[in-house]
Amino acid sequence: MLAPRLFTTSLVNRVHHLGLRWMSVRPPAASPPSEGEPPVVSRKKVSIQRLQQLRNQGTPITMLTAYDYFTARQCETGDVDICLVGDSLAQVCLGYDSTTRLTMPEMLHHVKAVSRGLKTPFLVADMPFGSYHSSVGDAIRNAVQLMQEGGAEGVKLEGGEEIVPIVKALTTIGIPVMAHIGLLPQRHAALSGYRVQGRDAHTAHRVVRSAEALQDAGAFAMVLEAIPHALASYITARKVDIPTIGIGAGGGTSGQVLVWDDAMGTWEGHKAKFVRRFADVGRISREGVSAYAEAVRAHKFPDAEKEGYGMTEEEWSRFMELEGPGISGA
Numbered sequence: 006m007l008a009p010r011l012f013t014t015s016l017v018n019r020v021h022h023l024g025l026r027w028m029s030v031r032p033p034a035a036s037p038p039s040e041g042e043p044p045v046v047s048r049k050k051v052s053i054q055r056l057q058q059l060r061n062q063g064t065p066i067t068m069l070t071a072y073d074y075f076t077a078r079q080c081e082t083g084d085v086d087i088c089l090v091g092d093s094l095a096q097v098c099l100g101y102d103s104t105t106r107l108t109m110p111e112m113l114h115h116v117k118a119v120s121r122g123l124k125t126p127f128l129v130a131d132m133p134f135g136s137y138h139s140s141v142g143d144a145i146r147n148a149v150q151l152m153q154e155g156g157a158e159g160v161k162l163e164g165g166e167e168i169v170p171i172v173k174a175l176t177t178i179g180i181p182v183m184a185h186i187g188l189l190p191q192r193h194a195a196l197s198g199y200r201v202q203g204r205d206a207h208t209a210h211r212v213v214r215s216a217e218a219l220q221d222a223g224a225f226a227m228v229l230e231a232i233p234h235a236l237a238s239y240i241t242a243r244k245v246d247i248p249t250i251g252i253g254a255g256g257g258t259s260g261q262v263l264v265w266d267d268a269m270g271t272w273e274g275h276k277a278k279f280v281r282r283f284a285d286v287g288r289i290s291r292e293g294v295s296a297y298a299e300a301v302r303a304h305k306f307p308d309a310e311k312e313g314y315g316m317t318e319e320e321w322s323r324f325m326e327l328e329g330p331g332i333s334g335a
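If you read the sequence shown in the numbering used here, its first letter stands for residue 6, the second for the next number, and so on.
Listed below in structure tokens is the structure:
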């Protein structure tokens, strides 16, 4: 096993050259917890440096998607290290049939909402399909918008060696990039579906080359999606020195990520093999909606005493007088 280094040489040199600091530049305060929400335990802001420390210490990194203020608050209070506004919001929030339908304005809208609910986790935003493919200029402009207007602290790009020039351009001007290799959902049509990648020697070698090239380009971390466990562990231990975040890549990565709706049981679509549900919020919500509708139809909600507002008889009489003669009281 290779001895881990604190940071990749290329990334350190770039940061030193630009005079950047390994810390968040987002506001230090977030909105207070809502009524009934557990108090937020004081934690230090998660930075890129902190993520690297967790990787070097062998402490698993936790990453979960969020799409609005509510899910952001749950990530904040739930001790999550990285919060990802994933382009999966296209399907789980907006009802599209593919992540490729998602636009930059839609992504920006959701990043803003999540940013308002976070204080501690490191916030990463997916760059939508088409927002970084046409030119380096477009990639820079869209990434800057996600950070400047949206409040993201880094962006995530799908792709291998072919996106190295884009990653280099972004990291050179100080935009943190999380890479994403293996299964690339934005390219599901070209891949003939959502298929496990790297199962044969040739494609496994290509995944490794991509991991090394993206690290050298300055990526501070990378997602490994749907690749064999042995390959993900090999990349993590032998080929890169930056954190790897697995999804369907086994337990040998530096951390794990799941889509909120998969983990919380609110997604009714296809359930991938690597998904584990940690709650059944969907069932509870359905039961709640049904109970509400039944109570309304049965005239059991609202309760006049518990859920209503009264008016003194004296004021009601005055009101009737104001309404004029011929109006009978209630």
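Beta carbons: idealized from backbone N, C-alpha and C, even for Gly.
By a C-beta neighbour count over all protein chains shown, 10 Å radius and 16 as the cutoff for buried, is residue i buried or exposed?
i	result
aspartate 92	buried
serine 29	Unreliable positioning characterises serine 29 in this predicted model, as indicated by a pLDDT of 43, which lies under 50. The coordinate reading is nonetheless provided below. Buried.
histidine 115	buried
aspartate 131	buried
glycine 156	buried
histidine 210	exposed
arginine 323	exposed
glutamate 230	buried
serine 139	exposed
glutamine 58	exposed
threonine 64	exposed
glycine 329	exposed
Could you check whether residue j and residue i sit closer than 8 Å to each other, using their CB atoms as the reference points?
i	j	result
valine 245	leucine 263	no
cysteine 88	leucine 151	no
alanine 72	cysteine 98	Looking at the sequence provided, one finds tyrosine at residue 72 rather than alanine. Yes.
leucine 189	glycine 164	yes
tyrosine 74	glycine 142	no
glycine 287	glutamate 273	yes
alanine 95	leucine 107	yes
glycine 257	histidine 234	yes
valine 172	leucine 162	yes
glutamine 261	threonine 67	yes
proline 126	methionine 112	no
Compute the Euclidean distance between the alpha carbons of residue i and residue j, then round it to the nearest angstrom.
i	j	result
aspartate 86	lysine 305	44 Å
arginine 302	threonine 271	26 Å
aspartate 102	alanine 174	31 Å
glutamine 54	tyrosine 239	23 Å
glutamate 310	glutamate 292	25 Å
lysine 124	alanine 254	29 Å
alanine 110	tyrosine 314	Note that residue 110 corresponds to proline in the displayed sequence, not to alanine. Whole-angstrom Cα-Cα distance: 42 Å.
alanine 268	serine 259	19 Å
glutamate 319	proline 307	24 Å
glutamate 217	valine 294	49 Å
valine 169	valine 212	13 Å
methionine 316	alanine 296	29 Å
proline 33	serine 52	Only weak support is given to the placement of proline 33: the predicted model assigns it a pLDDT of 44, under 50, and the value that follows is read from those uncertain coordinates. Roughly 13 Å separates the two Cα atoms.
glycine 203	glutamate 312	59 Å
serine 47	leucine 327	56 Å
asparagine 147	glycine 135	10 Å
arginine 200	serine 215	18 Å
leucine 219	isoleucine 180	14 Å
alanine 222	histidine 185	13 Å
methionine 325	phenylalanine 283	57 Å
tryptophan 321	isoleucine 289	42 Å
glutamine 79	arginine 243	35 Å
valine 90	leucine 56	18 Å
threonine 76	methionine 183	21 Å
glycine 100	aspartate 285	20 Å
phenylalanine 12	arginine 192	Confidence at phenylalanine 12 is low in this model, with a pLDDT of 35, below 50, so the placement of that residue should be treated as unreliable; the coordinate-derived value is given next. Whole-angstrom Cα-Cα distance: 30 Å.
aspartate 404	aspartate 84	Here the chain has residues from 6 to 335 only, and residue 404 is not among them.
Going by Cα to Cα distance, which pick from the options is closest to residue i?
i	options	result
glutamate 166	Pro181, Arg146, Gly187	Gly187
glutamine 153	Trp321, His234, Arg282, Ser120	Ser120
lysine 49	Met109, Glu312, Thr82, Gly63	Thr82
aspartate 266	Ser52, Leu69, Gly63, Thr64	Leu69
threonine 241	Glu328, Asn61, Ser52	Asn61
threonine 177	Leu59, Ala144, Val201	Ala144
histidine 207	Ile180, Leu236, Gln191	Leu236
lysine 278	Val182, Ile232, Val90	Ile232
Between residue i and chain C, is the shortest Cβ-Cβ distance under 8 Å, so that the two count as touching?
i	result
serine 295	Note that chain C does not occur in the displayed structure, where there is just one protein chain.
May I ask you to verify whether the segment 211-226 touches the segment 244-261, counting CB pairs closer than 8 Å and requiring at least 3? They touch, by the three-pair rule.
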